[in-house]
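Below is one structure, written out as structure tokens, with a few remarks after it.
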Amino acid sequence: MKEYILCKYGEIALKGLNKSNFESVLAKTVKRRLSGLGNFSVTRAQSTIYVEPLDDSCDMDEAVERLKKVFGIAKLTRALEVDKSMDAVLNDTMDYLAEAFEGASSFKVNAKRADKKFPFKSPEICAELGHKILEQFPEMHVDVHDPDVTVTVEIREKHAFINALKLDGAGGIPVGTGGKGMLLLSGGIDSPVAGYMIAKRGVIVQAVHFEAPPYTSERARLKVEKLAGEIAEYCGDIRFHCVPFTKIQETIRDECPEELFTIIMRRLMMEIAQRIAAKEDCACLITGESLGQVASQTMYAMVCTDAVCKVPVLRPCIGMDKAEIVEISRKIGTFETSIEPYEDCCTVFTPKHPKTRPVLDDVEKAQAAFDFEPLIEKAVSETETKLIKKFI
Ligand code: ATP
Ligand code: MG
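This is the structure in structure tokens:
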């Protein structure tokens, strides 16, 4: 008898011909996320990934915690493997069920037979196990419509599995099945959430961060690297690019009309980000913008920033309220880091009255008064890249 972790796919079960590619990417991710936690075997059958601990050194609790953050897994459960006999299903499962029934008062039993030669049919398995449970746990009652605990018995080729403790997985589709994207990562609340949301749709996320020393500190950059590490628990390892942006910001301050500082700065950020994206084979940019949140996030401002972009800019937070974004950031564990009080380069030279309705033509003319190209090239070439590694 031993415990397994069974991971049930979500949406990928629907992907038709791509399914086997999705499954193999997911199985590889599962293996990788378990590294350092002991010796596991990872196999797949019937829209399930079976994670089997091969020796006592396996850290099952930590394995479950890590697998809860793997996109592509809708539900996971710790299942007990028992001998393939009715006797084992009825008698070897009671300690396991005692744990699953803690705090519960109703249950139902489900049975699935992958092996049709098993001498009992599914309704018989349900009836016998249900009966045994009522005998063993007199405080429990059967509720087939809305049970607190659903006990599932699966009769497979070699063994029977019983599971009752179902946990929510991260949902989404496996990272690595949807290409690569470049996240503009600040130290704020929104952009880590944006990266998480796009990774959830299968995209490998890299991050680019703009810093402006000495206006922004070393600590501010470390905070952003920490955020990258936090979302990496979901996204996987992240290539992190840090762009020296001071000279460009000072030049905007000296050469451009004050009310357009922010919009021109954001256009230059996009320009640099997409050049790094191109080098890294990333097919889109990702930002944490939310419509109307600040002057630079009005629709008119976005028209001006998008005008420099040759690749799509994905803005998964665009229609969300701050409170909704905060809720996700708490759930994924970035909120506490995001609210640490370090400066961002965006707030270094903020105009008193930024234009909320900039006109593209005016912005282009104002920006054209100075040749930013050499500065852009220099910033790209001086960008420092490191790998934020979460898993060995
Ligand atoms: P966030 O909470 O993500 O910082 P925000 O509400 O503070 O967003 P802005 O500061 O206007 O909004 O930034 C909008 C978006 O621009 C951010 O979500 C992020 O994608 C990008 N961005 C802002 N500052 C930086 C930076 N220093 N480096 C990289 N990207 C940035
Ligand atoms: Mg910000």
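Numbering (my numbering), first residue to last: 1085 to 1476. Just so it is clear, CB atoms sit at the ideal spot from N, CA and C, and this is done for glycine as well.
Taking buried to mean at least 16 other C-beta atoms within 10 Å of its own C-beta, is residue i buried or exposed?
i     : result
R1359 : buried
T1161 : buried
V1154 : buried
L1375 : exposed
H1325 : buried
L1213 : buried
T1127 : exposed
G1320 : buried
I1423 : exposed
M1386 : buried
N1247 : buried
G1187 : exposed
R1441 : exposed
E1107 : buried
P1137 : buried
D1227 : exposed
K1284 : buried
S1380 : buried
A1254 : buried
Q1130 : exposed
H1229 : exposed
E1165 : buried
R1117 : buried
P1203 : exposed
E1302 : exposed
V1450 : One detail in the question is off: residue 1450 reads as Ala in this sequence, not Val. Buried, because 16 or more other Cβ atoms sit within 10 Å of the Cβ of A1450.
A1316 : buried
A1453 : exposed
L1268 : buried
E1314 : buried
In this structure, does DSSP put residue i in helix, strand or coil?
i     : result
M1266 : strand
Q1290 : strand
E1245 : Sequence check: residue 1245 is Phe here, not Glu. Here F1245 sits in strand by DSSP.
A1463 : helix
P1137 : strand
T1431 : helix
I1370 : strand
I1322 : strand
K1092 : strand
L1375 : coil
T1382 : coil
I1423 : coil
T1389 : helix
V1397 : strand
V1148 : helix
K1086 : strand
V1327 : strand
F1106 : helix
V1308 : helix
G1271 : coil
V1114 : helix
Specify, as a first and last residue, the run of the alpha helix (DSSP H) that residue i falls within.
i     : result
I1348 : 1345-1363
E1448 : 1444-1452
K1331 : 1330-1339
Y1280 : 1274-1283
T1440 : Premise fails: T1440 is in no alpha helix (DSSP H) and is neither H nor E.
D1405 : Premise fails: D1405 is in no alpha helix (DSSP H) and is neither H nor E.
D1455 : From DSSP, D1455 is part of no alpha helix (DSSP H); its letter is neither H nor E.
Based on DSSP bridge pairs, tell me the residues matched to residue i.
i     : result
D1252 : K1159
R1414 : BP columns for R1414 are empty, so no partner.
T1300 : For T1300, which the question treats as bridged, DSSP gives no partner whatsoever.
I1239 : R1197, A1244
I1257 : R1285
T1132 : K1092, A1129
E1295 : P1328
L1164 : E1087, I1246
Tell me which residue opens and which closes the beta strand (DSSP E) that residue i is part of.
i     : result
A1129 : 1124-1129
L1121 : Neither: L1121 is in no beta strand (DSSP E) and is coded neither H nor E.
T1469 : 1468-1472
**Asked** Of all the alpha helix (DSSP H) runs that stay within the bounds of the stretch 1166-1237, which reach a length of 4 or more residues?
**Response** Counting whole runs of 4 or more residues, the stretch 1166-1237 contains the alpha helix (DSSP H) stretches 1170-1175, 1178-1184, 1206-1220.
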